[in-house]
Amino acid sequence: MYGPKTTGTEYPGPVCFSLPLVFPDTDNNRRSALTDFLASNNISAAQIRDDYDRRATGAAQQSPEAEAEAEAAHSPNTAESNGSPETNSPEDVTKKRKRQQAIAKIKNSKAFARRKARRTGDDDDDDNALAGQMVDEKQRPNPGQLENCEICEKRFTVTAYSKTGPNGGLLCADCSKKQKGDEKKAPAKKRGPGIGRRQNQANLLDVADNIHDVDEFGDLPPSLLLRLGQILSRRRAVTSRTLELFLRPRYKSIDLFDCAKLGTDDYHKILASMPHLTRVNLRFTTPMKDSIFDYMIESDMEIKDLHLDGPNLVTDDCWRRVFKKLGHRLRGLKLWNLDSAFDDETALVMCNNCPNLQRLKLKFLAKIGDKTLEAISTLRHLQHLSLHPMPETKAKTESLVQIIAAVGPKLNTLSLEEFEFVDDRLLQHIHEHCHALSKLRLTLNATFTDQGLADLFQGWSNQALTYADFHSLRDVDMSNPTGPPEPVGLASNGFIALMKHSGSKLQHLNIASCRHVSYKAFEEVFAEDKKYPDLKYLDISFSTAVDDYIAQCIFRCCPSLQRLVVFACFKIRDIHIPRGLAVIGTVGANLKVDGITQSETI
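The sequence shown lines up with residues 1 to 602 when you count with full-length UniProt numbering.
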């Protein structure tokens, strides 16, 4: 701290501070800025001066003979010539032991695991070297402190950019440049899989944490802008202030998933600032009013995909004007959570004026019924259809059958949720008319029979499904847990038929709450000779027949499985989970992941 350490045989060199020190006057009225700094850090200027004088006096009095002896004592070969190596001294043994302990502690840390993940393919010796490097980094002086250069022994101030020398010491700026010029650039280490993606996600979270200090996002690609919109929406941080960051005049789409804090003026600003919009996806749009759509009509905007959640203040009359003026351009329409407007007559106007619709999603629209379903059957270009009525809507089987007969041959995805009392006639029409489906969702129904579902898949000319969701197809009479004599919903026969038809291509499967699938059916589907190479997501919650053996059979038959959901599968008690698989919903089970036991719920 007080200047370079001397051996008594060399000139002590200049004092560590090159500026002259001004010491306090007798009247204590004058102090230099440097003296104030030293005093605030408990450094005595007088002590620095006394130490310097003492070293200078000692150096002047030393004889040439003592100087020669000191040089010999500090030469590299002295230890070897004396026959007593320094490495065997008690001090060095203690230092070596402490360093080994520090290395062992570092190797058990999370920081070491993260550093090692970036150095894939290294052996154990490299692990020791990496741990030793991290120990040295911890022991190196902090920026701002003084240190002697390992090569030229020049005194310099340590910075965050100070380089490490060949023996672990630090180098001054001049020696760092020389060393950099002498060294050849090492080949870049291969980064571990997912490192870049995780770093991008961490950067996005940093932006989200400081969003109110951000003036602009710069030239972000649309994918990152979409991800930021998702993060901020989840934190309910989309406000009039942060909205400005997403308004890009040259962009053709906008996605905001929580607009609850926006006002009417903000929606006007979106449309005015982005005149080339063709896709609008806004959720929780309660403040949206008729004037927004009037502006859209007056500007004759080229919107082709309109996705809105909760615009309850928009009137039926306004919806009809929109469809009449802009309906011929619409290719996709998704509406959620409307209970004050959008009745059957409005739906009829939509179908009459939007002949080119290819994607239609209507979820929780309180004022529509069978007349709307009949009108949807006139949309001959539909490829994606998703309907989820309010629970009190009593839709008739005939209305859905009419839709399937009219548009079924062109459908790629079909999602029908909570049509509680629609019967097997719908399954028969899907079997007869749908031949291009890749996604099929039929959920929350208490009328389909197991045999009806088995007949749907047996001999079906449709391609193998990649997405299948049949959760909650079951009898709801809780007083009769075994169900009626003929199984209701997806049971053993339907499950076996589904996997025979689509198991080879299936990626997502949800059969939660299909409680009548038997143990024998699970054994047959996940037998030793079966393989489902593409299956990544499987939800079998509330399938009480599943036990440890069935779970291990699932792991064996589904090599690509990434997520298994098993809520209320209480017979799963002790399983070994393959690396890369998340098992969700186990309670009190003994889980082993690569030999590591985990008793808590995942």
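Even glycine gets a Cβ: it sits at the ideal position worked out from N, Cα and C. Here the structure is a predicted model, which means the values were calculated and not measured.
Under the DSSP assignment, residue 309 falls in the beta strand (DSSP E) whose first and last residues are 305-309.
Closest in C-alpha terms to residue 460, from the list 481, 432 and 365, comes 432. Within the region 520-559, the alpha helix (DSSP H) runs of at least 4 residues that lie entirely inside it are, in chain order, 548-557. In the structure shown, residue 131 adopts helical secondary structure according to DSSP, grouped into three states. Following the DSSP letters along the chain, one finds residue 388 inside the beta strand (DSSP E) bounded by residues 384-388. For secondary structure counted as the alpha helix (DSSP H) over 4 or more consecutive residues, the region 242-326 holds these complete runs in sequence order: 264-273, 290-298 and 316-326. In this structure, the alpha-carbon of residue 368 lies about 16 Å from that of residue 352.
DSSP, read as helix, strand or coil, puts residue 470 in coil. Taking the Cα positions, residue 521 is about 33 Å away from residue 405. Assignment of beta-bridge partners to residue 415 by DSSP yields 386 and 441.
Straight through space, the alpha carbons of residue 146 and residue 172 are spaced by roughly 11 Å. Distance from the Cα of residue 467 is smallest, within the candidate group 476, 158 and 501, for 501. Per DSSP, reduced to three states, the secondary structure at residue 508 is strand. Looking at the DSSP output, residue 584 sits in a beta bridge with 565. By the neighbour-count criterion, in which 16 or more other beta carbons inside 10 Å mark a residue as buried, residue 267 falls on the buried side.
CA-CA distance, residue 416 to residue 491, rounds to 19 Å. Residue 381 and residue 358 do touch by the CB rule: their CB atoms are close to 6 Å apart, below 8 Å.
Cβ contact annotation for residue 519 (same chain, cutoff 6 Å, sequence separation greater than five): 545, in chain order. Residue environment: residue 94 is assigned as exposed (fewer than 16 neighbouring CB atoms within 10 Å of its CB, all protein chains considered).
For residue 448, the three-state secondary structure derived from DSSP is coil.
For residue 516, the pairing in a beta bridge is given by DSSP as 491.
Nearest Cα to residue 541 within the set 298, 568 and 179: 568. When secondary structure is reduced to three states using DSSP, residue 345 falls in the helix class. For residue 372, the enclosing alpha helix (DSSP H) covers residues 370-376.
For the 8 Å CB-CB criterion, residue 514 and residue 579 do not form a contact. Inclusion of residue 386 and residue 412 in the CB contact set at 8 Å is not warranted, their separation being larger than that value.
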